[in-house]
Every structure is written in structure tokens, then in C-alpha cells.
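Down below is the structure, laid out as C-alpha cells.
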Amino acid sequence: MPRFTCLVVGVDFTGSNGDPRSPDSLHYISPNGVNEYLTAIWSVGVVVQDYDADKMFPAFGFGAQIPPQWQVSHEFPMNFSPSNPYCKGIQGIVEAYRACLPQIKLYGPTNFSPIINHVARFAAAATQQQTASQYFVLLIITDGVITDLDETRQAIVNAAKLPMSIIIVGVGGADFSAMEFLDSDSGALRSPSGEVANRDIVQFVPFRQFQNAPKEALAQCVLAEIPQQVVGYFNTYKLLPPKNPATTK
1 MPRFTCLVVG VDFTGSNGDP RSPDSLHYIS PNGVNEYLTA IWSVGVVVQD YDADKMFPAF
61 GFGAQIPPQW QVSHEFPMNF SPSNPYCKGI QGIVEAYRAC LPQIKLYGPT NFSPIINHVA
121 RFAAAATQQQ TASQYFVLLI ITDGVITDLD ETRQAIVNAA KLPMSIIIVG VGGADFSAME
181 FLDSDSGALR SPSGEVANRD IVQFVPFRQF QNAPKEALAQ CVLAEIPQQV VGYFNTYKLL
241 PPKNPATTK
């Protein structure tokens, strides 16, 4: 996968994950500083980080009530800096997550479409590029309980026209049939109005299946389709890589 990919991270902070004060919660604020979300961020982040040239990752949360007004937000920067949502490396995302979690209230509903549309706006701007210099990958880490399935289907069909892919990592043991439906490996995804996605841009990874597997197995699943999606997009528009892609971002 080319090194001019821009990785954006979205973390599910909805109430279905469980109270962070409880050991049963996927967001458990544990004494040893680890929970299933953190494990997934580390494991998957290490796999994909090298494809981002500057390793500065915008990281967002969704589905929580956030201070100071405690309104529900479906796309808030985890570092609470709207003008600079970037985290330095995977360690930076982990630090932002740990600092953010005690300050918010897990809530709901679980809406994916706002963060998909958020990243799609940047990807849409990148369609003006004259060379293969920008491609966006949205990594969503979630417990899989989705509320806005129709809106998300529409958002994905729209995003399929853009230089953008989505990796959905499912944590916990919930029913992930909706995530597998969005992955649409068995047939093209359609919007509620019947519009067919012009390409497959979603890869779903059930994280628990890989927790005790070699890291190579997780890497293979995470990256099973993304490189092909990136190359396929640029080939469609006959865009060639710039001479020094690391400097174009």
C-alpha cells in the first residue's frame, strides 16, 4: 500500500460498550491500563501506521456526551482540539484515548455515518489531485451495535466514488452481522434507494478471532483488500504516483 495514505481513527464511545468503571466494559479503566479497545488500537495501528508518511493521525470519538455542555457528539476529536485533532503515532492515539475516556460520558446512539461523511469531505477535496498523492483510510473501532444502518449504507456508497477506504474492527463478542453486511464481500453494497457502490471499500475485522493469533494473521486480515482498493482507485482515474510521495501530504 502506498505511503501517502492518510489514516483517520474513529473510536466508538457508546453506552453499549459498558460502564468504563466496570471490569466487564470494553472501555474498562483498568489498573493495568489495558482494555479491549486499547489492545485493538495498538494491534491494528501497528499494522497500518507505516502506510502513513508523517504518522500524524486525526483521531475522533463518537457516541458520547462531551464537556462542557454534555451534548452527544458523533465526531469529536479525542484530544478535544477541533483545529488540531492529530495524534503523533499510535502512542499519541493511545494517550489521547486514555486522557479522553474519564472526561466523557458513554451514551448513544451508535451512528457511523457522521464520521464517514466527515472523512469523505476531505477525500472529496482530494479528487482534484493531479497525481496519486492522497488516499484516506478510516479505521473504525466499535462493538458493532449500529443504529444508523441506512444512513451508513448511503455514506459508504457515496464514499466509494472517492479516494477512501474503511476498516471496521469489531471488539467484544456482539453480533457483527451488520458489519459483515457493510463489508459486502458476497455482493455489492446498495444504498437504501438502490444505488450500487461502484467498488468495495469496507473491510471488517472481528478482533477477538485474532487476539491470540500471530500478528501476521491480523495484518493479513486488516490489509486483505486495502492495497487493491487504493491501487484500483488510482488506476481508474489514471493517476500516477508523484516522484516523492512522502513529501506530498
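Numbering (the UniProt record's numbering), first residue to last: 1 to 249.
C-beta atoms are modelled at their ideal positions from N, C-alpha and C, and glycine is treated no differently.
Just so you know, these numbers come straight off a predicted model, no measurement behind them.
Bounding residues of the beta strand (DSSP E) (the contiguous stretch that carries M56): M56 to F62
T110, buried or exposed, once every other Cβ within 10 Å from all chains shown has been counted against 16: buried
Cβ pair I140, F112 closer than 9 Å: yes
Reduced DSSP category for V222 - H, G, I as helix; E, B as strand; rest coil: helix
Span separating the alpha-carbon of Y51 from that of S165: 13 Å
Alpha helix (DSSP H) runs contained entirely in the region 165 to 222, provided each spans 4 or more residues: 177 to 183 and 215 to 222
Distance, F234 Cα to P245 Cα: Caution applies to P245, whose pLDDT of 46 falls short of 50 and renders its modelled position unreliable; the value that the coordinates give is listed next. In a straight line, the C-alpha of P245 is about 14 Å away from that of F234.
Neighbourhood of L149 by C-beta distance below 7 Å, restricted to the same chain and skipping five residues each side: A178
Limits of the beta strand (DSSP E) - the one that Q91 falls within: No beta strand (DSSP E) holds Q91; the alpha helix (DSSP H) holding it covers G89 to C100.
Close-in-space but distant-in-sequence residues of the same chain around T236 (CB under 6 Å, 5 per side omitted): none
Among L240, P20, N79 and V230, the one whose alpha carbon lies nearest that of P102: P20
Exposed unless 16 or more other CB atoms sit within 10 angstroms - verdict on Q154: buried
Residue 255 (DSSP reduced to helix, strand or coil): A question about residue 255 goes unanswered here, because the residues of the chain that appear run from 1 up to 249.
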